[in-house]
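> Just passing along the structure, written as structure tokens.
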Amino acid sequence: KRRVNSRTSQAQRDEVIRRTVYVSDIDHQVTEEQLAALFINVGQVVDCRMCGDPNSVLRFAFIEFTDEEGARAALNLSGTVLGYYPVRVLPSKTAIAPVNPTFLPRSDDEREMCARTIYCTNIDKKADVKLFFESICGEVYRLRLLGDYQHNTRIAFVEFVMAESATAALNCSGVILGSLPIRVSPSKTPVRPRAPRPMN
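In full-length UniProt numbering, the protein residues as written are 1 to 200.
Following this line, the structure appears as structure tokens:
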């Protein structure tokens, strides 16, 4: 019986891997949300994980989609310039691993911002995210919504004024907002103010 279980979990792992792409050559100034904003155009993103030393010039990431079509479509984004460098997109050989703590916020200020920020997915397009979180959790300082017209859900990074509000928001995972259960997780990156785009 154990053998069957391990085989099932291997099959599930393989299925997750097929829905995941590996992105390399990412400009170190590119944030997780900018990366998610690019890939949300080709499919519904479940998770976006940036890795690599923040001080090195280039980093890499894993992006998991809800289905294999999204991951396949994402391969066409290889060569897209993000920041100053064209990214490379390949099928991933592994599922998304837990975050390595060394890749996270670079200063106490950013760590504190992270503590106040959540990453929310599966958001109904018609829902008022700010109103929802403010009515339950507390004042929202900054909200960054990502999404497009083709998909019926969006992703949001929500930065609260107080860290306690972010903690309260984590308890909202699974709550129906509009017509869908939202998924809330701690944000691994602070919501940085948008950098002005370099002029070509």
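For each residue, glycine too, the CB sits at the ideal point set by N, CA and C.
Taking Val81 as the reference, which of Asp67, Gln34, Glu110 has the closest Cα?
In the sequence shown, residue 81 corresponds to position 81, counting from 1. With distances taken between Cα atoms, Val81 lies closest to Gln34.
> Checking 8 Å against the spacing of the C-beta atoms, do Tyr22 and Leu77 come in under that value?
As a first step, residue 22 is located in the sequence shown; it is residue number 22 there, counting from the start. As a first step, residue 77 is located in the sequence shown; it is residue number 77 there, counting from the start. For Tyr22 and Leu77, no; Cβs fall outside 8 Å.
> Mind checking which residues open and close the alpha helix (DSSP H) that includes Ser24?
Walking along the sequence shown from the start, residue 24 turns up at place 24. That residue, Ser24, is in no alpha helix (DSSP H); its beta strand (DSSP E) goes 20-27.
> For Arg13, which of Ala37, Thr94, Val45 has the nearest alpha-carbon?
Taking the first residue of the sequence shown as 1, we reach residue 13 at position 13. Nearest of Ala37, Thr94, Val45 to Arg13, Cα basis: Thr94.
> Please report the residue range of the beta strand (DSSP E) in which Ser185 lies.
Here residue 185 refers to the residue found at position 185 of the sequence shown. Segment 183-186, the beta strand (DSSP E) holding Ser185.
> Under 8 Å by Cβ, that's how I've got Ala156 and Leu143 pegged, so tell me the actual separation to the nearest angstrom.
Working through the sequence shown from its first residue, we reach residue 156 at position 156. Working through the sequence shown from its first residue, we reach residue 143 at position 143. Going by Cβ atoms, the distance from Ala156 to Leu143 rounds to 6 Å, so yes, they are a contact pair.
> Using a Cβ-Cβ cutoff of less than 8 Å, which residues in the same chain neighbour Ala11 once the five nearest sequence positions on both sides are dropped?
As a working note, residue 11 is residue 11 in the sequence shown. Excluding sequence neighbours, Ala11 sits near nothing in its chain.
> What are the boundary residues of the alpha helix (DSSP H) that Arg72 is part of?
As a working note, residue 72 is residue 72 in the sequence shown. Counting along the chain, the alpha helix (DSSP H) containing Arg72 begins and ends at 68-74.
> Per the DSSP calculation, Thr117 is bridged to which residue(s)?
Along the sequence shown, read from residue 1 onward, the residue named residue 117 stands at position 117. Bridge partners of Thr117: Glu159.
> Sort Ala127, Phe133, Thr31 by Cα distance to Pro190 and report the nearest one.
As a working note, residue 190 is residue 190 in the sequence shown. When only C-alpha atoms are compared, the closest one is Thr31.
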